[in-house]
Amino acid sequence: MKQIVILSGKGGTGKTTVATTLSTVVKNKIMADCDVEAPNLDIVLQGEVIKKEDFYGKESAVIDSDECVQCGLCEELCRFDAISGFKVNPLYCEGCGLCMYKCPVGAIRMEYEKTGEVIVSKIKNGEKIVYALLYPGADGSGKLVTEVRKKAVELKGESSYMIIDGMPGVGCPVLASATGTDAALIVTEPTMSGFEDMKRVLSVVEKFKIPSFVCINKWDLNEEVTEKIQNYCRENNITVVGKIDFDEAVVESLKRLKNLSEYKESTAYNQIIDIWNKIENYLKKGDVCV
Amino acid sequence: MRNVKISVLSGKGGTGKTTVAVNLAKVIDNSLYADCDVEEPNGYLFLIPDITKEIPVKIKIPEIDYSKCTLCGDCVKACRFGALAHIGKRILVFDHLCHSCGACFEMCPHNAIIEKDKIIGGIRIGKSGSVDFIEGKLNIGEAIGVPILKEIKKIINSYNDKIVVVDSSPGTSCSVINSIDNSDMCILVTEPTPYGFHDLKLAVELVRSMNLPMAVVINKSGDEDEIIEKYCKEQDIDVLMKIPFKKEIAKAYSKGKLLVDFDKEIKDKFKQLSGQVMELIKR
Chain B
78 MKQIVILSGK GGTGKTTVAT TLSTVVKNKI MADCDVEAPN LDIVLQGEVI
128 KKEDFYGKES AVIDSDECVQ CGLCEELCRF DAISGFKVNP LYCEGCGLCM
178 YKCPVGAIRM EYEKTGEVIV SKIKNGEKIV YALLYPGADG SGKLVTEVRK
228 KAVELKGESS YMIIDGMPGV GCPVLASATG TDAALIVTEP TMSGFEDMKR
278 VLSVVEKFKI PSFVCINKWD LNEEVTEKIQ NYCRENNITV VGKIDFDEAV
328 VESLKRLKNL SEYKESTAYN QIIDIWNKIE NYLKKGDVCV
Chain U
6 MRNVKISVLS GKGGTGKTTV AVNLAKVIDN SLYADCDVEE PNGYLFLIPD
56 ITKEIPVKIK IPEIDYSKCT LCGDCVKACR FGALAHIGKR ILVFDHLCHS
106 CGACFEMCPH NAIIEKDKII GGIRIGKSGS VDFIEGKLNI GEAIGVPILK
156 EIKKIINSYN DKIVVVDSSP GTSCSVINSI DNSDMCILVT EPTPYGFHDL
206 KLAVELVRSM NLPMAVVINK SGDEDEIIEK YCKEQDIDVL MKIPFKKEIA
256 KAYSKGKLLV DFDKEIKDKF KQLSGQVMEL IKR
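Here the protein sequences line up with chains B and U, keeping their order.
To convert, note that position 144 of the first sequence is 221 in the numbering used here; the numbers rise steadily by one, no gaps.
To convert, note that position 76 of the second sequence is 81 in the numbering used here; the numbers rise steadily by one, no gaps.
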């Protein structure tokens with residue numbers, strides 16, 4: 078099974094549009110939505126939930142007030158300002174355990190905190206999609222991403238591909254969504270910020286030595302920046318696998334909560350098919366024809 | 006005089022958080038714009054500040070002093086993040102996993118751990134016209150932006166009597182909490198699509214859990230605003246402004262232009278927004 082991760086540097090560039098369209102274009106695959114802070118894949122694919130598992134992502138310190146002698150050492154030692162008034166604020170506690178180790182009367186224990194859920198749902202064509210819900214304010218999204226991917230591998234069956242909708246950004250959860258994949262598709266848009274964010278995410282992918290492909294969404298919005306992106310990619314030996322038009326059909330599909338593949342005549346849909354054909358060609362034959 | 010803090014957040018990226026934050030900062034007299042989206046700070050592209058100061062942000066990571074270390078392994082046991090490993094005659098430190106909590110340092114019975122500095126990113130300070138500017142940037146691949154956010158907060162506190170506009174991290178994680186805590190008002194930027202609605206609900210939940218006041222701005226507004234408006238009404242959240250969905254606006258954004266600089270109507274809307282926000286804060 079080949080794993081392809083879709084990344085974007087930042088949100089809103091069209092990552093999920095590409096991912097949901099691929100959900101109908103790519104045959105015989107499992108989808109993993111690793112954007113655990115704002116998972117949107119299942120919203121449009123409208124799968125039927127078949128499994129839910131609690132995720133205990135983090136330990137948090139708990140002070141037993143009956144045992145506590147209010148010496149204040151824990152508050153003094155905590156580097157995350159998570160303790161005040163002999164109470165722990167779980168939003169700030171990193172779960173390092175230092176307070177527990179150092180408490181002279183053993184009044185502190187560490188407890189696993191439920192920070193989210195891993196959900197498996199079945200979409201119309203019978204294929205599965207794995208996603209997660211990180212509770213607002215919870216930490217440890219990197220771990221949850223890893224959990225989603227683990228679950229997807231468990232359930233892959235005979236799938237030929239795993240399509241991963243990655244986390245936005247360039248931090249640890251992005252690393253967790255890209256590590257060990259066979260290719261990365263970076264969706265960017267021709268804006269100043271889109272270009273900057275793309276450069277940052279490319280340097281993340283570079284660390285993994287996996288081939289990255291770029292597609293420029295809404296390319297006709299700013300042809301000058303599109304040109305800049307293309308030049309940058311050429312100079313850095315990164316293949317631009319396609320450009321997607323600023324297409325009203327995409328806006329419509331988003332508003333109506335429909336898959337872009339229901340707009341078969343739209344240019345954007347056909348451009349995404351073309352992008353996939355090139356990537357598949359690469360994955361099968363090791364070269365990409367542009 | 007104390008600063009007033011207005012935080013702009015969005016549940017997820019791409020909804021127009023930066024657009025609202027930079028334009029709002031621009032129309033407010035005496036404002037300070039703080040870009041807390043440390044993974045992808047983009048505010049500078051629009052505000053084009055003159056940078057007067059750059060400060061590296063460091064965290065403490067352990068280093069083993071082998072003249073004292075007995076390889077007892079207490080540090081490895083203490084670390085709950087797997088950042089230390091005992092292999093052969095060495096204690097390996099995986100600094101990307103280190104949370105700088107100091108547990109290894111405190112638990113070493115032989116004082117064999119030295120805490121040394123590691124740079125994880127930086128802060129740039131400057132000015133864009135009348136707007137004071139602060140930006141944090143995390144080095145690529147670093148796990149935790151929170152130390153940068155804490156430094157930004159300290160710098161903000163060194164200013165007096167400013168209206169601080171915080172451009173928060175996207176999402177709903179601990180970075181967002183650290184960007185928006187103690188806000189006098191949170192502005193939640195959303196767009197009228199089922200996705201936008203879904204993410205807005207997550208952001209509302211987060212802000213509620215922190216007991217902060219909030220209001221909503223609808224970006225890419227059009228004939229589908231109903232789904233957001235209905236929800237906001239039910240939840241008793243004010244919708245303060247709508248930015249219309251227009252290709253010209255997307256084009257201006259793509260060129261790195263401030264909306265208030267090219268569209269008089271939008272400038273008035275932002276002025277009105279700042280007035281309303283200040284009203285709500287005073288209440």
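Think of the CB as a built atom: it goes at the ideal place given N, C-alpha and C, for glycine as much as any other residue.
Owing to the predicted nature of the structure, the values given are computational and were not obtained by experimental measurement.
Between Ile240/B and Ala96/B, how many whole angstroms is the CB-CB distance? I'm expecting something under 8 Å. Translated into the one-based positions of the first sequence, residue 240/B becomes position 163. Translated into the one-based positions of the first sequence, residue 96/B becomes position 19. The Cβ separation is near 6 Å, so the contact holds.
Cα-Cα, which of Pro67/U, Val27/U, Val62/U and Cys74/U is closest to Phe51/U? What you label residue 51/U is simply residue 46 of the second sequence in a count that begins at 1. Nearest option by C-alpha distance: Val27/U.
Our contact map puts Tyr208/B next to Leu118/B with C-beta atoms below 8 Å; I'd like the distance itself, whole angstroms only. Residue numbering aside, residue 208/B sits at position 131 when the first sequence is read from its first letter. Residue numbering aside, residue 118/B sits at position 41 when the first sequence is read from its first letter. That belief holds up - the Cβ atoms of Tyr208/B and Leu118/B are roughly 6 Å apart, short of 8 Å.
Any contact between the segment 115-123 of chain U and the segment 73-81 of chain U? By contact I mean 3 or more CB pairs, one from each, below 8 Å. By the Cβ criterion, the segment 115-123 of chain U is in contact with the segment 73-81 of chain U, since at least three pairs of Cβ atoms, one from each stretch, lie closer than 8 Å.
Cross-chain neighbours of Gly127/U in chain B, by beta carbon under 9 Å: In the second sequence, the residue the question calls residue 127/U occupies position 122. Residues of chain B passing the Cβ test: none, with the nearest at roughly 14 Å.
Check whether the Cβ of Gly234/B lies closer than 6 Å to any heavy atom of the ligand HEM, and answer yes or no. The ligand content of the structure shown is nil, which means the ligand HEM is not present either.
Measure the Cβ-Cβ separation of Phe285/B and Ala255/B and say whether it is below 7 Å. Translated into positions along the first sequence, residue 285/B becomes position 208. Translated into positions along the first sequence, residue 255/B becomes position 178. Their beta carbons are under 7 Å apart, which means Phe285/B touches Ala255/B by this criterion.
Three-state secondary structure assigned by DSSP to Arg7/U: The residue labelled residue 7/U in the question sits at position 2 within the second sequence. Looking at Arg7/U - three-state DSSP - the assignment turns out to be coil, as it is neither helix nor strand.
I want to see whether chain B comes within less than 7 Å of Ala148/U, judged by CB atoms only; does it? Position 143 of the second sequence, counting from 1, holds the residue named residue 148/U. Interface criterion met: the Cβ of Ala148/U is under 7 Å from a Cβ in chain B.
With distances taken between CB atoms, is the gap from Gly131/U to Asp55/U smaller than 7 Å? Reading the second sequence from its first residue, position 126 is the one you call residue 131/U. Reading the second sequence from its first residue, position 50 is the one you call residue 55/U. Against a cut-off of 7 Å, the Cβ pair of Asp55/U and Gly131/U comes out as a contact.
Output the boundary residues of the alpha helix (DSSP H) element that contains Thr83/U. The count along the second sequence starts at 1 and reaches residue 83/U at position 78. Note that residue 83/U corresponds to Ala in the displayed sequence, not to Thr. From DSSP, the alpha helix (DSSP H) with Ala83/U extends over Asp79 to Ala83.
Unbroken stretches of the beta strand (DSSP E), 3 residues or longer, contained in the segment 269-305 of chain B: 289-294
Residues in the segment 277-307 of chain B having any Cβ partner in chain U nearer than 7 Å: Flagged, chain order: Arg277, Ser280, Val281, Lys284, Leu298, Asn299 and Val302.
By alpha-carbon positions, which one of Pro197/U, Lys274/U, Ile161/U and Gly126/U ends up nearest to Ile233/U? Position 228 of the second sequence, counted from the start, is the residue given in the question as residue 233/U. If we check each option's Cα against that of Ile233/U, Pro197/U comes out closest.
Skipping 5 residues on each side, what residues in its chain have a beta carbon closer than 6 Å to that of Gly126/U? Taking the second sequence and counting its residues from 1, the one referred to as residue 126/U is at position 121. For Gly126/U, same chain residues with a beta-carbon under 6 Å away, outside a window of 5 residues either side, are Val62, Lys142, Leu143, Asn144 and Ile153 in chain order.
Looking only at its chain, what residues have a beta carbon closer than 7 Å to the beta carbon of Lys199/B, apart from the 5 residues adjacent to it on each side? If you number the first sequence from 1, residue 199/B lands on position 122. These residues qualify, in order along the chain: Gly124, Glu125, Ile127 and Lys205.
Please state the DSSP three-state secondary structure of Phe132/B. As a working note, residue 132/B is residue 55 in the first sequence. Correct three-state label for Phe132/B: strand.
For Ile128/U and Ile60/U, the rounded distance between their alpha carbons: Here residue 60/U refers to the residue found at position 55 of the second sequence. Here residue 128/U refers to the residue found at position 123 of the second sequence. Roughly 5 Å between the two C-alpha positions.
Specify, as a first and last residue, the run of the alpha helix (DSSP H) that Phe250/U falls within. Here residue 250/U refers to the residue found at position 245 when the second sequence is read from its first residue. Counting along the chain, Phe250/U falls outside any alpha helix (DSSP H), and DSSP gives it neither H nor E.
With 16 other Cβ atoms within 10 Å as the buried cut-off, status of Gly203/B: As a first step, residue 203/B is located in the first sequence; it is residue number 126 there, counting from the start. Label assigned to Gly203/B: exposed.
In three-state terms, what does DSSP make of Lys167/U? In the second sequence, the residue the question calls residue 167/U occupies position 162. In the structure shown, Lys167/U sits in coil (DSSP, three-state: anything other than H, G, I, E or B).
CB Ile168/U to CB Val9/U, shorter than 7 Å? Against the second sequence, residue 168/U aligns to sequence position 163. Against the second sequence, residue 9/U aligns to sequence position 4. For Ile168/U and Val9/U, yes; Cβs fall inside 7 Å.
Here's the rule: buried if 16 or more other CB atoms are within 10 angstroms of the residue's CB, otherwise exposed. What is Tyr258/U? For the purposes of this step, residue 258/U is identified with residue 253 of the second sequence, where counting begins at 1. Buried, by the Cβ-count rule.
Does Ile182/U come within less than 7 Å of chain B when only Cβ atoms are used? Reading the second sequence from its first residue, position 177 is the one you call residue 182/U. Output row for Ile182/U: interface = yes.
Give, in chain order, every residue of the segment 91-108 of chain U whose Cβ lies closer than 7 Å to some Cβ of chain B. Of all residues in the segment 91-108 of chain U, His104, Ser105, Cys106, Gly107 and Ala108 have a Cβ within less than 7 Å of some Cβ in chain B.
According to DSSP, which residues form a beta bridge with Gln307/B? Along the first sequence, one-based indexing puts residue 307/B at 230. None; Gln307/B has no bridge partner.
Below 7 Å between beta carbons: does that hold for Asp100/U and Ile149/U? Reading the second sequence from its first residue, position 95 is the one you call residue 100/U. Reading the second sequence from its first residue, position 144 is the one you call residue 149/U. No; because the gap between Cβ atoms is not below 7 Å, this pair is not in contact.
Report all residues from its chain with a CB closer than 7 Å to the CB of Cys84/U; omit the five preceding and five following residues, and keep chain order. Within the second sequence, the letter at position 79 stands for residue 84/U. Counting only Cβ-Cβ distances below 7 Å, and skipping sequence neighbours, we find Ala108 and Cys109.
Among residues of its own chain, excluding the 5 on either side of Gly319/B, which ones have a beta-carbon nearer than 8 Å to its beta-carbon? Indexing the first sequence from 1 puts residue 319/B at position 242. Counting only Cβ-Cβ distances below 8 Å, and skipping sequence neighbours, we find Cys292, Ile293, Gln348, Ile349, Asp351, Ile352 and Lys355.
Listing by chain order, which chain U residues have their CB less than 8 Å from the CB of Val247/B? Position 170 of the first sequence holds residue 247/B. Glu44, Glu45, Leu143, Ile145 and Gly146, listed in chain order.
Does Pro261/U have its Cβ less than 7 Å from a Cβ in chain B? Translated into positions along the second sequence, residue 261/U becomes position 256. According to the sequence displayed, residue 261/U carries Gly and not Pro. Interface residue, yes.
Would you say Thr98/B and Val327/B are within 7 Å of each other, going by their C-beta atoms? Numbered from its first residue, the first sequence carries residue 98/B at position 21. Numbered from its first residue, the first sequence carries residue 327/B at position 250. No.
Give me the subset of the segment 44-78 of chain U whose CB atoms are less than 7 Å from a CB atom of chain B, sorted by chain position. Cβ contacts with chain B: Glu44, Glu45, Asn47 and Leu50.
Buried versus exposed, by CB contacts within 10 Å (16 or more), Met277/B: Working through the first sequence from its first residue, we reach residue 277/B at position 200. Looking at the sequence shown, residue 277/B is not Met but Arg. The Cβ neighbour count for Arg277/B, taken over all protein chains shown within 10 Å, is at least 16; the residue is labelled buried.
Chain U within 7 Å of Pro181/B, Cβ atoms only: In the first sequence, residue 181/B corresponds to position 104, counting from 1. Closer than 7 Å: no.
Find the residues of chain B that neighbour Ala39/U, judging by a C-beta separation of less than 7 Å, and give them in chain order. Against the second sequence, residue 39/U aligns to sequence position 34. Ordered by position in chain B, no residue passes the 7 Å Cβ test against Ala39/U, which lies about 17 Å from the chain.
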